[in-house]
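Novice: Going down the list, the sequences are from chains A and B.
Per the numbering used here: the first sequence = residues 1 to 370.
Per the numbering used here: the second sequence = residues 1001 to 1445.
We treat Cβ as the ideally placed atom computed from N, Cα and C, and that holds for glycine.
Owing to the predicted nature of the structure, the values given are computational and were not obtained by experimental measurement.
Okay, handing you the structure first.
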Amino acid sequence: MTERESGWGLLGAAGARPLVAILWLVGLAFLAHLGWLLYSGGLGTVTLAGYLWEGTILGMSYGLAGVGLAMTYSILSFANFAHGDLVTSGAISGWIAAFLVAGLGDFSIRSLVHLGGPYTLNTNTLGLSVTNAPLAIVAGLVVAAAFTAVLAVAIDRIVFRPMRDQSGIALLIASVGVALALRYLLVFGLQAGPRGLTAGQVTPSVAIPIGVGSISVGAHEITLVVVAALLMLATHVVLRYTKLGTAMRAMADNEDLARVTGIPTERVVLTTWLLGGALTGAAGFLVALERGTLSMSLGWDLLLLIFAAVILGGIGSVYGAMVGGVIIGISSRLSLVWLPESLVVVAAFLVMITVLLVRPSGIMGGVRTA
Amino acid sequence: MSDQDRRGPVGSRVDAVADGVRSFVSTSDARLLLVFALTLYGLFTVVSVLLGYNFNGIVDTLRRITFLSGVYAILVLALNVQWGYAGLFNIGVAGFMAVGVYTMAILSSPTTNTFPGLGLPLPIGIVGGVLAATVLGLLAALPALRLRGDYLAIVTLAMAEIVRRVFRSPVFQEFSIGSVQLGTGGSRGMNLPENPIRTLFYQNPGEAGSPPNGLGSALFDAASAAGIEPSVVEGWVYATMLVVAVGLVYWLLRRVGNSPFGRVLKAVREDEVVARALGKDTRLFKVKAFAVGCALMGLGGILWRLSGGYVSTTMFQPIYTFYVFVALIIGGAGSNTGSILGGAAFASLLFEGPNFVRRIVTGYVDVGAAPNSLYDAIAALGGLDLTPLVAYSLSDVNVSALRLVLLGVVLIYLIQNRPEGLLGHRKEVASPIDLTDRGTEEGDG
């Protein structure tokens, strides 16, 4: 930028990138309108608080599910379209474990293993919830993480490792194949159709008073947000303060240089899949816990939103994925102020496309932290 | 002087076309396509006979694979322009198809439908649908110019999902512009204009029980003498029209591919920097290629749905894009002949095949009733009894699931072991003459 331009400050910047300036203006207009609605009483504070809380829950799930995707994206440089189905696999394996822990003895194994499915299984009698059966939930979470980590490594061994020297597009196509095979193996094994998990039970909730009304905060929602925050914090510590984290960041930055420096790249890749897979599986389990139901397309339906979170935060940035997830989550709920429910996801995708066009490095400024 | 002068420019053009056809038929590509088509027909005739179909049933089976092969051939040819020629990775095929079909429906559906259209003549609807897909393609091509391959993949997939969700939204289920009532039917789907083949054969094509007109009754009488029902005749006429459309698209793309425009595209695919260094505005070429591909996807979608007379958004889920991709990879990206072969092979063998296998196996082997669940089937393995597992795998829904597993595995296998497709390296060279082998003609298609 020349002296003269920099003297213009904001205006100069706006002139240099008119599209960005317009987008800023549009964003500000929305905020201003929101402020006006709040002021004039067109939008109640309770409604707004409700949107923010729901948005945070959604955002934490997108963010947590996105961390694993961001890790593999930065280390292996390809968009893994099988990531959504890893989320589903995690949720299913974890919930089978939770069902078995909670229901063994009272229910037949076949009905527990199929999460009901073709058999009748009264989830009210089973009574799974964080407060009723904390042990089963913890067991489920651990199994979900462990199973998905192992599954991710196995897939890497069979599919992606023989293709290390190929382009990102070839790997992407292979990952589409993995996604199809994985999802329909699950359908084959467990049969399609959504399953009730905790839905229909009364889970304890607290009412938080906001102004004249109150919003209800459930135990499962709190579990999702707290556990997700803890897992993200743990990921941060691993990436920032361990040798492994340094090696991962070095590899994300420049793989050849990392190998020359003596970093065992294959071992780092293996650990990345383990860590990323575990986080992904845990995310799947927690999302299903919060929703109370589970379908075989859970992860696939989330995939584009997870991508949106990861892209918004800057592809390959783990912290970006967390921030991007929360932004996508909150803004998608907040957009209900202007849009009907059926077009909310459309708005989220439009935001993602716009970010890719205007600022492909993401809002975090393209810091590739790992 | 020669014949040509006496017959004038039209005659010489006819001669040129005839020469083109003659030279094409003598190429190895044409023979390949012909042999492949005959093999498929032979295979499915045998399959139908094994299933105990009567003559009408056999003819109808062949119609079905012809129809599906034709639809996929057009879609794969369209994708090949984008990926095979210009190297643009578009995984939003279903979205461009949807825009084509829905625009056609809104333009041409009768105003009396539950979800009414404008009632314009069908050709206007088809042209409008193709144009709409082109316009969306141009919009999508803007990111295509500046994005890496994987980003473009995500953008196109998101775009296709946006399209699908907008058509599905209750907001547009019924809406009106001014005083004109329109609607996409939302999640209920909408009826399309009358199948154009019916208008050829029936007096009142809109009515289910309409008597056939002169042409219709003549054709139906001849067919019923051979034991073929009128609906199968209609279907075959439609499928034949589709095959002609495939031929036209193929011819068009061959022309484009061998034109200076096509050579630049191939150069872009081989090495974009070199093409730019030679003074070509490669971005413009990529946009054009993307738009052409999207237009053809719109057309493919229209020809696919028009025969069924009904459209809903579940028909444009991302899985359909992956179908087209598998077909393209089977045939080999970069080859037009391969695209047709891939489309036909995918549609008949991978898409339809598993169900025929299921019907034959269950028809000839008594596997007993399918157990309730995979758990029961595997538990029976303990007693060394394999039949419950087989029966479970062969149930209707499970064959559908396994078919998609197979699709995923085939995709992984091909991309790992044969990324160049079944036909091997058949990329057309960018130069007008084949520099590697001067002895033979450039006959790649």
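Considering Cα atoms alone, identify which of B:VAL1233, B:TYR1085, B:VAL1130 is closest to GLY1095 of chain B.
Specialist: Within the second sequence, the letter at position 95 stands for residue 1095 of chain B. Taking only the C-alpha atoms, the option nearest GLY1095 of chain B is B:VAL1130.
Novice: Please confirm whether GLY1408 of chain B has its beta-carbon closer than 7 Å to some beta-carbon of chain A.
Specialist: Within the second sequence, residue 1408 of chain B is the residue found at index 408, counting from 1. Judged by the 7 Å Cβ criterion, GLY1408 of chain B is in contact with chain A.
Novice: Closer than 9 Å by beta-carbon distance: list the chain A residues that pair up with GLY1270 of chain B, in chain order.
Specialist: Locating residue 1270 of chain B in the second sequence gives position 270, where the first residue counts as 1. According to the sequence as given, residue 1270 of chain B is Glu; it is not Gly. Per Cβ cutoff of 9 Å: no residues; GLU1270 of chain B is ~15 Å from chain A at best.
Novice: List the residues of chain A that GLU1161 of chain B touches, going by C-beta distances under 9 Å, in chain order.
Specialist: As a working mapping, residue 1161 of chain B is identified with position 161 in the second sequence. LEU304, VAL345, VAL346, PHE349, listed in chain order.
Novice: I'd like to confirm the pairing. Which residues does DSSP put opposite PRO209 of chain A in its beta bridges?
Specialist: Taking the first residue of the first sequence as position 1, residue 209 of chain A is located at position 209. According to DSSP, which records beta bridges pairwise, PRO209 of chain A is partnered with A:SER214.
Novice: In whole angstroms, what separates the C-alpha of ALA102 of chain A from that of PRO118 of chain A?
Specialist: Within the first sequence, the letter at position 102 stands for residue 102 of chain A. Within the first sequence, the letter at position 118 stands for residue 118 of chain A. Taking the straight line joining both Cα atoms gives about 19 Å.
Novice: Could you tell me the distance, in whole angstroms, from the CA atom of LEU1138 of chain B to the CA atom of ALA82 of chain A?
Specialist: For the purposes of this step, residue 1138 of chain B is taken as the residue at position 138 of the second sequence. For the purposes of this step, residue 82 of chain A is taken as the residue at position 82 of the first sequence. Taking the straight line joining both Cα atoms gives about 29 Å.
Novice: For the putative contact between GLY1298 of chain B and ALA1133 of chain B, defined by C-beta atoms under 8 Å, what is the C-beta separation to the nearest angstrom?
Specialist: What you label residue 1298 of chain B is simply residue 298 of the second sequence in a count that begins at 1. What you label residue 1133 of chain B is simply residue 133 of the second sequence in a count that begins at 1. GLY1298 of chain B to ALA1133 of chain B, Cβ: 3 Å. Contact.
Novice: Once you ignore the five residues that flank VAL1264 of chain B on each side, which residues in its own chain have a CB closer than 6 Å to its CB?
Specialist: Start at 1 with the first residue of the second sequence, and residue 1264 of chain B comes out as number 264. Counting only Cβ-Cβ distances below 6 Å, and skipping sequence neighbours, we find LYS1280, PHE1285.
Novice: For THR293 of chain A, write down the residues that DSSP places opposite it in a beta bridge.
Specialist: As a position in the first sequence, residue 293 of chain A is number 293, starting the count at 1. DSSP output for THR293 of chain A lists A:GLY196 as bridge partner(s).
Novice: Under the three-state reduction of DSSP, which class applies to PRO1405 of chain B: helix, strand or coil?
Specialist: Start at 1 with the first residue of the second sequence, and residue 1405 of chain B comes out as number 405. Here residue 1405 of chain B turns out to be Val, not Pro, going by the sequence shown. VAL1405 of chain B: helix per DSSP, three-state reduction.
Novice: Per DSSP, what are the beta-bridge partners of ILE1177 of chain B in this structure?
Specialist: Residue mapping note: residue 1177 of chain B aligns to position 177 of the second sequence, counting from 1. Paired residues: B:VAL1180.
Novice: So which residues on chain A does SER1210 of chain B lean against when the C-beta distance must stay under 7 Å?
Specialist: If you number the second sequence from 1, residue 1210 of chain B lands on position 210. What SER1210 of chain B touches in chain A: nothing, since even the nearest Cβ is about 38 Å away.
Novice: Can you give me the C-alpha to C-alpha distance between THR1440 of chain B and ARG161 of chain A, rounded to a whole angstrom?
Specialist: Counting from 1 along the second sequence, the entry for residue 1440 of chain B is found at position 440. Counting from 1 along the first sequence, the entry for residue 161 of chain A is found at position 161. Per-residue confidence for THR1440 of chain B stands at a pLDDT of 48, beneath the threshold of 50, marking its modelled position as unreliable; the derived number appears in the next sentence. One C-alpha to the other measures close to 40 Å.
Novice: So, is the C-beta of ILE1098 of chain B closer than 7 Å to a C-beta in chain A?
Specialist: Along the second sequence, read from residue 1 onward, the residue named residue 1098 of chain B stands at position 98. Here the sequence assigns Ala to residue 1098 of chain B, which means Ile is not the residue at that position. It does not: the Cβ of ALA1098 of chain B has no partner Cβ on chain A nearer than 7 Å.
Novice: Taking a contact to mean a Cβ-Cβ separation below 7 Å, would you say SER74 of chain A touches THR148 of chain A in this structure?
Specialist: Position 74 of the first sequence holds residue 74 of chain A. Position 148 of the first sequence holds residue 148 of chain A. No; because the gap between Cβ atoms is not below 7 Å, this pair is not in contact.
Novice: GLY55 of chain A lies in the alpha helix (DSSP H); which residues open and close that run?
Specialist: As a first step, residue 55 of chain A is located in the first sequence; it is residue number 55 there, counting from the start. GLY55 of chain A -> alpha helix (DSSP H) spans 45 to 76.
Novice: Please determine, among B:VAL1274, B:SER1108, B:ALA1245, B:LYS1288, the residue with the shortest C-alpha to C-alpha distance to VAL1256 of chain B.
Specialist: Along the second sequence, read from residue 1 onward, the residue named residue 1256 of chain B stands at position 256. With distances taken between Cα atoms, VAL1256 of chain B lies closest to B:LYS1288.
Novice: Using C-beta distances below 6 Å, list every residue in its chain close to SER1217 of chain B, excluding the 5 sequence neighbours before and after it, in chain order.
Specialist: Within the second sequence, numbered from 1, the residue matching residue 1217 of chain B stands at position 217. Hits under 6 Å: none found.
Novice: Exposed or buried, which one is TYR1323 of chain B when buried takes at least 16 other CB atoms within 10 Å?
Specialist: Residue 1323 of chain B sits at position 323 when you count from the first residue of the second sequence. Answer is buried; the Cβ neighbour count reaches 16.
Novice: Indicate the three-state DSSP secondary structure (helix, strand or coil) for HIS220 of chain A in the structure shown.
Specialist: Taking the first sequence and counting its residues from 1, the one referred to as residue 220 of chain A is at position 220. HIS220 of chain A: helix per DSSP, three-state reduction.
Novice: Please check if any C-beta of chain A sits within less than 7 Å of the C-beta of LEU1350 of chain B.
Specialist: Locating residue 1350 of chain B in the second sequence gives position 350, counting from the first residue. No, LEU1350 of chain B lies away from the interface with chain A (no Cβ there is under 7 Å from its Cβ).
Novice: Candidates A:GLY193, A:VAL67, A:LEU128: which alpha carbon is nearest GLY94 of chain A's?
Specialist: For the purposes of this step, residue 94 of chain A is taken as the residue at position 94 of the first sequence. Considering only alpha carbons, the answer is A:LEU128.
Novice: Quick one: using the 10 Å Cβ neighbour count with 16 as the cut-off for buried, is VAL355 of chain A buried or exposed?
Specialist: For this step, residue 355 of chain A is matched to residue 355 along the first sequence. With 16 or more Cβ atoms within 10 Å of its Cβ, VAL355 of chain A is classed as buried.
Novice: Between the Cα of ILE315 of chain A and those of A:ALA70, A:TYR39, A:GLY277, spot the shortest distance and give me the residue it belongs to.
Specialist: Locating residue 315 of chain A in the first sequence gives position 315, counting from the first residue. Of A:ALA70, A:TYR39, A:GLY277, the residue nearest in Cα terms is A:ALA70.
Novice: Contact criterion: CB-CB distance below 7 Å. Does PRO1170 of chain B meet it with respect to chain A?
Specialist: Walking along the second sequence from the start, residue 1170 of chain B turns up at place 170. PRO1170 of chain B counts as touching chain A.
Novice: Measure the C-alpha to C-alpha separation of THR1387 of chain B and GLY105 of chain A and round it to an integer number of angstroms.
Specialist: Your numbering for residue 1387 of chain B matches position 387 in the second sequence. Your numbering for residue 105 of chain A matches position 105 in the first sequence. Near 30 Å, if we compare the C-alpha coordinates of GLY105 of chain A and THR1387 of chain B.
Novice: Give me the Cβ distance between PHE1067 of chain B and LEU1242 of chain B, rounded to the nearest whole Å; I'm assuming they're in contact under 8 Å.
Specialist: Counted from its first residue, the second sequence places residue 1067 of chain B at position 67. Counted from its first residue, the second sequence places residue 1242 of chain B at position 242. PHE1067 of chain B to LEU1242 of chain B, Cβ: 6 Å. Contact.
Novice: Per DSSP, what are the beta-bridge partners of TYR1202 of chain B in this structure?
Specialist: Residue 1202 of chain B sits at position 202 when you count from the first residue of the second sequence. BP columns for TYR1202 of chain B point to B:PRO1212.
Novice: With 7 Å as the C-beta to C-beta threshold (strictly closer), list the residues of the stretch 285 to 310 of chain A near chain B in chain order.
Specialist: From the stretch 285 to 310 of chain A, only LEU304, PHE307 have a Cβ closer than 7 Å to chain B.
Novice: How big is the Cα-Cα spacing for ARG1358 of chain B and LEU1394 of chain B?
Specialist: Locating residue 1358 of chain B in the second sequence gives position 358, counting from the first residue. Locating residue 1394 of chain B in the second sequence gives position 394, counting from the first residue. The alpha-carbon atoms of ARG1358 of chain B and LEU1394 of chain B are separated by roughly 6 Å.
Novice: Counting only Cβ pairs nearer than 7 Å, list the residues of chain B close to ALA98 of chain A.
Specialist: Walking along the first sequence from the start, residue 98 of chain A turns up at place 98. Per Cβ cutoff of 7 Å: no residues; ALA98 of chain A is ~17 Å from chain B at best.
Novice: Output yes if chain A places a C-beta closer than 7 Å to the C-beta of ASP1029 of chain B; else output no.
Specialist: Here the question's residue 1029 of chain B lines up with position 29 in the second sequence. No, because no Cβ of chain A sits closer than 7 Å to the Cβ of ASP1029 of chain B.
Novice: Within its chain, find whatever has a CB closer than 7 Å to the CB of LEU1122 of chain B; leave out the 5 residues flanking it on each side and keep chain order.
Specialist: Taking the second sequence and counting its residues from 1, one reaches residue 1122 of chain B at position 122. If we look at LEU1122 of chain B and ignore the five residues flanking it on each side, its Cβ neighbours are SER1108, PRO1193, PRO1196.
Novice: Report all residues from its chain with a CB closer than 8 Å to the CB of HIS236 of chain A; omit the five preceding and five following residues, and keep chain order.
Specialist: Mapped onto the first sequence, residue 236 of chain A falls at position 236. These residues qualify, in order along the chain: VAL318, TYR319.
Novice: So, for ALA1275 of chain B: in the same chain, excluding its five sequence neighbours on each side, which residues have a beta-carbon less than 7 Å away from its beta-carbon?
Specialist: Position 275 of the second sequence, counting from 1, holds the residue named residue 1275 of chain B. Taken in chain order, the residues that qualify are VAL1264, ALA1267, VAL1268, THR1282.
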